[in-house]
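A.B. asks:
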Amino acid sequence: MKRTLIVVLLISTLLFACSSPPPTISADIVQTAIAQTQAADPTSTLSSSPTARPADSLIPQATPEFRPVRLNVATIIANLKPLFSIAKVLGLAHLENGQLRVTIEVPGGIQGDYYALVGKEKFDCMLLAEYPDYIYCNGNSPKPDQYVIVKLFEQGAEEAVFESRIGIPP
10 MKRTLIVVLL
20 ISTLLFACSS
30 PPPTISADIV
40 QTAIAQTQAA
50 DPTSTLSSSP
60 TARPADSLIP
70 QATPEFRPVR
80 LNVATIIANL
90 KPLFSIAKVL
100 GLAHLENGQL
110 RVTIEVPGGI
120 QGDYYALVGK
130 EKFDCMLLAE
140 YPDYIYCNGN
150 SPKPDQYVIV
160 KLFEQGAEEA
170 VFESRIGIPP
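Pasting the structure below:
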């Protein structure tokens, strides 16, 4: 296998070394080509009638000035609302005080006051202005090594805006 590769490499190198370089274009050739192009008679046509030339008065004498034109274009500003339908639990973490933190990602940003139920435990939730698409809920951890339902509620509402099943880590 190695011998075949080496032989192919040597043959390729020899072929490349033996090939002639591409011809260089000299200035004389370029000048000749330009002279031939200029020597062609642009007025000779196949028709017997001469080509009409525009009157000199139709040719503009001055270049028009460029002036920017202000257009009133409406800018559409997206009114983002929380998209709970595609929200997801981003992570779980045990805190030093023994509590569990559940981080939920809600595309579109989230505002207001929320709480969560993790299993049967009520979790307090907080928002950070630096991360508007995330909500952080802390509370007493349910028993480890089991699956529980996480429900997110807006304060004062009885219907959950988000629901998911998570596994409680050991």
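Residues 10 to 179 in my numbering are what the sequence shown spells out, letter by letter.
By construction, the Cβ of each residue, glycine as well, lies at the ideal position given by its N, Cα and C atoms.
Bear in mind the structure is a predicted one, so any value in this text is a computation, not a measurement.
1) State yes or no: is the C-beta of A96 within less than 8 Å of the C-beta of V115?
2) Does DSSP classify I144 as helix, strand or coil?
3) If we ignore side chains and look at the alpha-carbon of each, how far apart do A166 and R76 end up?
4) Suppose the cutoff is 8 Å on Cβ atoms and the five residues either side in sequence are ignored; what does the same chain contact list for L137 look like?
5) Across which residues does DSSP place E163 in a beta bridge pair?
6) Nearest-angstrom Cα distance between V159 and C134?
7) Return the CA-CA distance between K90 and I119, expressed in angstroms with no decimal places.
8) Suppose you measure from the CA of T22 to the CA of G117; what does that come to, to the nearest Å?
9) Please state whether DSSP places S173 in a helix, a strand or coil.
10) Looking only at its chain, what residues have a beta carbon closer than 7 Å to the beta carbon of V157, apart from the 5 residues adjacent to it on each side?
11) Quick check on the burial criterion: 16 or more other C-beta atoms within 10 angstroms. Buried or exposed for V78?
C.D. replies: Once the coordinates are examined:
1) yes
2) strand
3) 58 Å
4) Y143 and Y145
5) Y123
6) Answer to the nearest angstrom: the Cα atoms are 12 Å apart.
7) 7 Å
8) The straight-line gap from Cα to Cα measures roughly 60 Å.
9) Looking at S173 - three-state DSSP - the assignment turns out to be strand.
10) V127, G128, P151, I175 and I177
11) exposed
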